Amino acid sequence: MLALALSGPVAGEARAGSLCAIDDRDREVCLDQPAERIAALSPGATELVYAAGAGEKVVAVVAFSDYPPEARDVPSVGSHTRMDLETLVTLTPDLVIGWMTGNPPEQLETIEALGMPVFYIEPRDFEGVSSAVERLALLADTREQGDRVAAEFRDGMAALAGRYADAEPISVFYQVWDEPLMTINDEHLIGKVLTLCGGVNVFGELSRLVPRIDDESVLAADPEAILAGGMGEENRGWLTHWQQYPSLTAVERDNLYFVPPSLIQRPTPRLLEGSRLFCEQLERARAKR
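Just so we're aligned, residue 881 is where the sequence shown starts under this note's numbering, counting upward by one.
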């Protein structure tokens, strides 16, 4: 079936679509009619489509697409790093939501060659989250809900920024992975949350978006607080690792905080909830000075 589909129309043919939006690769994607069968190729993309009011139109997701709960019942086409293209073709999506740096480029190119429009998303700032919801709602013709959700997120983040605008700076290490040990810089979306809350990222000036580091680097930086996501929504195991270093300021003051990863590591409207939690934890750390 895949071989047969490859002989069909290729991406790039002229469209007379009336619904057009610019994706995060600055490409204009146009549809002849509102999307009715959407494939979301990352857990974050799945959340964004549902947030845009188009959840009932999702026909394919990838592994770990667990929010909202009804997304778990949608057929999976593999993982975000390796999709089952045969299965994807049988589900006949009329819009595919790709993850710019998370999906294999060669697979996304193949999907486009099969004639399926690909809309690339990867919000890198707070406005990007709202904009992604609005653009997906435009393509799915669900703008009433999409615009409302986008506005609520935009207003909520602005209120949070105002609340912590004068917060005392506090040095923070955010752990995004354990083996290898990884963090984020100031350009990362999580880094922007940290800054919004008055945190000073001890690795913020590193050039890579998600740098690899080691224990010695953390000990040398000696952050006042350590925040970590972990492998699951209730798994705080990554934090226990740091308790072997009692002289570390974050350990000495008991400033080891867990943040459910789906609330902070996915660029979706739930980032507002994660940001509130992040800011509250830094406030507790400030109170221990």
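A virtual CB, placed ideally from N, CA and C, is assigned to each residue, including glycine. Predicted, not measured: the structure shown is a model, and the values here were computed from it.
Classification of residue i by the beta-carbon crowding that lies within 10 angstroms, buried from 16 upward
{"i": "G1042", "result": "exposed"}
{"i": "R1169", "result": "exposed"}
{"i": "T1022", "result": "buried"}
{"i": "I902", "result": "exposed"}
{"i": "P1003", "result": "buried"}
{"i": "S898", "result": "exposed"}
{"i": "P997", "result": "buried"}
{"i": "S1127", "result": "exposed"}
{"i": "P985", "result": "exposed"}
{"i": "C900", "result": "exposed"}
{"i": "V890", "result": "The predicted position of V890 is uncertain, since its pLDDT is 32 and thus under 50; a value taken from the coordinates is nonetheless stated next. The residue in question, V890, is exposed, as its Cβ has fewer than 16 Cβ neighbours within 10 Å."}
{"i": "G888", "result": "Annotation note: pLDDT 38 at G888 (below 50); position unreliable, no value reported."}
{"i": "E966", "result": "exposed"}
{"i": "R1146", "result": "buried"}
{"i": "E1059", "result": "exposed"}
Span separating the alpha-carbon of residue i from that of residue j
{"i": "A920", "j": "K937", "result": "10 Å"}
{"i": "S959", "j": "A993", "result": "20 Å"}
{"i": "P949", "j": "D1066", "result": "32 Å"}
{"i": "I977", "j": "L988", "result": "10 Å"}
{"i": "R1156", "j": "L1040", "result": "7 Å"}
{"i": "R1092", "j": "A1012", "result": "29 Å"}
{"i": "E1160", "j": "G1084", "result": "20 Å"}
{"i": "E1096", "j": "R1028", "result": "46 Å"}
Cβ shell of residue i (< 8 Å), same chain only, five flanking positions each side left out
{"i": "P1049", "result": "G1078, G1079, V1080"}
{"i": "R1164", "result": "N1135, Y1137"}
First through last residue of the alpha helix (DSSP H) which encompasses residue i
{"i": "C1159", "result": "1151-1166"}
{"i": "I991", "result": "985-993"}
{"i": "F1006", "result": "1006-1020"}
{"i": "I1070", "result": "1069-1076"}
Unbroken beta strand (DSSP E) run spanning residue i, endpoints
{"i": "L899", "result": "899-902"}
{"i": "W1118", "result": "Looking at the DSSP string, W1118 is not in any beta strand (DSSP E); the run it does join, the alpha helix (DSSP H), is 1117-1120."}
{"i": "A920", "result": "918-920"}
{"i": "Q1055", "result": "1050-1055"}
{"i": "I1106", "result": "1105-1108"}
{"i": "L971", "result": "Per DSSP, L971 belongs to no beta strand (DSSP E) and is neither H nor E."}
Residue i (DSSP reduced to helix, strand or coil)
{"i": "Q1145", "result": "coil"}
{"i": "F999", "result": "strand"}
{"i": "M1037", "result": "helix"}
{"i": "G892", "result": "Low local confidence applies: a pLDDT of 36 at G892 is under 50, so the model's placement there is unreliable, and no value is given."}
{"i": "G1042", "result": "helix"}
{"i": "E908", "result": "strand"}
{"i": "L928", "result": "helix"}
Nonlocal neighbours in the same chain, by C-beta distance under 6 Å from residue i, ignoring five residues either side
{"i": "A1047", "result": "G1078"}
Cutoff 7 Å; reference residue i; Cβ partners in own chain excluding five residues on either side
{"i": "H929", "result": "With the sequence shown as reference, residue 929 is identified as Val, and His is not the correct amino acid for it. Only I918, A920, G935, V938, I977, L1016 meet the Cβ criterion."}
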